[in-house]
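Just so we're aligned, residue 1 is where the sequence shown starts under our numbering, counting upward by one. Input: a single structure, listed below in structure tokens.
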Amino acid sequence: MKITDDIVRALQGCVESLGSKSALAMKANVNVETIGRYLSKQTKTIADDTWDQIYPVLKPYLPKSFDMDKNNDFSNGKGLMLTSDQKILLDAFAELPENLKKKKLLEITELAKTEILKKKNSD
Numbered sequence: 001m002k003i004t005d006d007i008v009r010a011l012q013g014c015v016e017s018l019g020s021k022s023a024l025a026m027k028a029n030v031n032v033e034t035i036g037r038y039l040s041k042q043t044k045t046i047a048d049d050t051w052d053q054i055y056p057v058l059k060p061y062l063p064k065s066f067d068m069d070k071n072n073d074f075s076n077g078k079g080l081m082l083t084s085d086q087k088i089l090l091d092a093f094a095e096l097p098e099n100l101k102k103k104k105l106l107e108i109t110e111l112a113k114t115e116i117l118k119k120k121n122s123d
């Protein structure tokens with residue numbers, strides 16, 4: 001789930017209502033540090049399994065117009081499964097300036113092509 005301003009406001013409201021980040025973490029059965037990262041937007045997404053735990057607690061604090069499908073940015077309705085490393089890479093990549101993104105994307109593409117050729121030649 002993409003962390004939007006609506007989600008951050010809901011987290012803040014829930015923390016205020018429950019009294020602490022620790023109380024929210026206990027109620028949702030997630031790590032308190034994870035709640036802190038979401039509140040400070042140190043990460044841009046919430047893992048599906050974590051969202052499944054947090055959503056029932058946050059639901060009363062989300063706007064009535066909150067649309068989970070819109071915030072997921074998934075057109076097929078099935079979601080997108082990424083490993084932790086892939087999520088870290090995407091978050092880090094998103095922070096780069098556009099010119100550096102293009103440069104690094106070209107570098108990674110060339111590295112991948114080289115690896116593909118190596119595999120084909122070894123078969």
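Yeah, the Cβ is synthetic: ideal placement off N, Cα and C, and Gly gets one too. All figures in this text were calculated on a predicted structure; none of them were measured in a lab.
Selected residue, minimal CA-CA separation from residue i, among the options
i	options	result
Gln12	Ala47, Lys59, Lys104	Lys59
Per-residue burial, residue i [other beta carbons within 10 Å of its own, 16 or more giving buried]
i	result
Ile3	buried
Thr109	exposed
Met26	exposed
Ile35	buried
Arg117	Contrary to the premise, residue 117 reads as Leu rather than Arg in this sequence. Result: exposed.
Val30	buried
Ala45	For the record, residue 45 in the displayed sequence is Thr; it is not Ala. By the neighbour-count rule (16 or more Cβ atoms within 10 Å), Thr45 is buried.
Leu24	buried
Own chain, CB closer than 6 Å to residue i, minus 5 neighbours either side, in chain order
i	result
Ile166	There is no way to answer for residue 166, as the model of the chain reaches only from 1 to 123.
Tyr61	Ala10, Gly13, Cys14
- [ ] Tell me the start and end of each unbroken alpha helix (DSSP H) in the region 34-59 that is at least 4 residues and wholly inside, in chain order.
- [x] 48-58
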